[in-house]
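Numbering (the numbering used here), first residue to last: 211 to 546.
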């Protein structure tokens, strides 16, 4: 599985990376998908009191526990649900919970758009994995993938001046300020070697604008660890009626008119999973399952205008993916 996110992009190749959000389905069906939002399920939360939780080792981006020394994200034994610690005094956690609670009942968001948000089960105090007391946990379905921050601006209007200056500096130093998106993490499984290609945070942070397209090509390659990668799955992952671009067009249509929220510093998570990931002409459409999710809502705010910042970044990502598809088709045409 692979994944990406916008204005931050997170990319994940299923047998490869993730962030939290609904779990990827295992097959395409001819039946209309059920886009009904999942309700908060207290029975699920109660069940997790006895679950064995383990560190989210496949997390490709976001805040972990290594640098902070605090409880980091964990997943259940099945790997299907993601537990995000909510640290006391962190206003971002309160805002994110409030947003999840709000969108459940927000009729301004169509059901097919709500399907792009993680299923939210609520919060609960659970024992920390290090035995240091109870930790308040936000529970959602888990996402494997690559993530991308979307938008030229990653600070929100109510932020302090110090935060705004820090965000402006980061945007200027990364691809957010140059092209409106930033890949914050990715992970790709390489079937031929049984290994995972997963660049670290510094590699993603130092990425130049010129490297974004090659990275998105490497994300859909059967040989991502090589300097000359093949983008073998570009058409199956990015193109077609179930591909990433088709899903991003749905989001673009909604963001072009919605005036309810501004999604500052939110991300797009891209995940794909294929049963056969060998080099060659690429996999057929029906062999690859693709998922696109919106994540990171700590800085999402109410609004009464179109979110031009997110919309511009989303269009920038789509433009790059279109270019990859066109070049991939042209290469295959020359080879045939």
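C-beta: ideal position from N, C-alpha, C; glycine also. Every value quoted in this text rests on a predicted model; they were computed, and no experiment measured them.
Residue 519, DSSP secondary structure in three states: helix
Rounded separation between residue 542 and residue 442 - CA only: 10 Å
N- and C-terminal bounds of the alpha helix (DSSP H) containing residue 425: 419-428
Length at least 4, wholly inside the region 402-471: the alpha helix (DSSP H) runs in chain order: 411-415, 419-428, 444-448, 454-465
DSSP beta-bridge partners of residue 505: 477
Three-way DSSP call (helix, strand, coil) for residue 395 in this model: strand
Euclidean distance between Cα positions of residue 389 and residue 504: 19 Å
Residue 500 vs residue 422 beta-carbon contact at 8 Å: no
Residue 316 (DSSP reduced to helix, strand or coil): coil
Distance CB(residue 461)-CB(residue 429) smaller than 8 Å: no
Three-state secondary structure (DSSP) of residue 533: helix
Reduced DSSP secondary structure (H/G/I, E/B, other) of residue 332: strand
Three-pair Cβ contact test at 8 Å for the region 531-540 versus the region 502-520: no
Contact belief for residue 531 with residue 455 at Cβ below 8 Å, rounded distance in angstroms: 5 Å
Of the listed residues 515, 408, 418, nearest to residue 387 (C-alpha basis): 418
Cβ pair residue 465, residue 412 closer than 8 Å: no
Pairwise C-alpha distance: residue 302 and residue 392: 21 Å
Given residue 403 as reference, the closest of 319, 318, 435 once Cα atoms are compared: 435
Beta-bridge partners of residue 483, as assigned by DSSP: 499
Proximity of residue 444 and residue 318 at Cβ, strictly below 8 Å: no
Best match in 439, 300, 310, 327 for proximity to residue 457 [C-alpha to C-alpha]: 327
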